[in-house]
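Numbering (my numbering), first residue to last: 193 to 304.
Glycine residues also receive a C-beta, built at the ideal position from the N, C-alpha and C atoms.
Before any comments, here is the structure.
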């Protein structure tokens, strides 16, 4: 069935958030998008979760780690610079997330 017109506004919001995460993953700010639409960040996140089955945080982490993996494979940048480039200022947090999601450290991943 086709979604109702009332729904399509929120589908567009979800698409916009996903697009922003894809493009501006390093300095993504949900509150900016929420403000544009006159809604709270929490509500924007709810809309995204209903559309994708994932939270904004999960989508953002996924995208950032995807980009970090690409940079580890395709550049000689050091790991701290890569973490920074994808939006993580806290290096130990980046290591923790990377290991949790990829099952190995960024250095191990690069060595593959």
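- At least 7 angstroms separates the beta-carbon of residue 301 from that of residue 251.
- Taken atom to atom, the span from the alpha-carbon of residue 249 to that of residue 275 is near 16 angstroms.
- Residue 218 places its beta carbon less than 7 angstroms from that of residue 279.
- Contact between residue 241 and residue 247 holds: CB atoms are separated by about 5 angstroms, below the 8 angstroms threshold.
- Secondary structure remark: continuous alpha helix (DSSP H) runs of at least 4 residues inside the segment 211–282, in chain order: 222–229, 233–244, 248–266 and 271–277.
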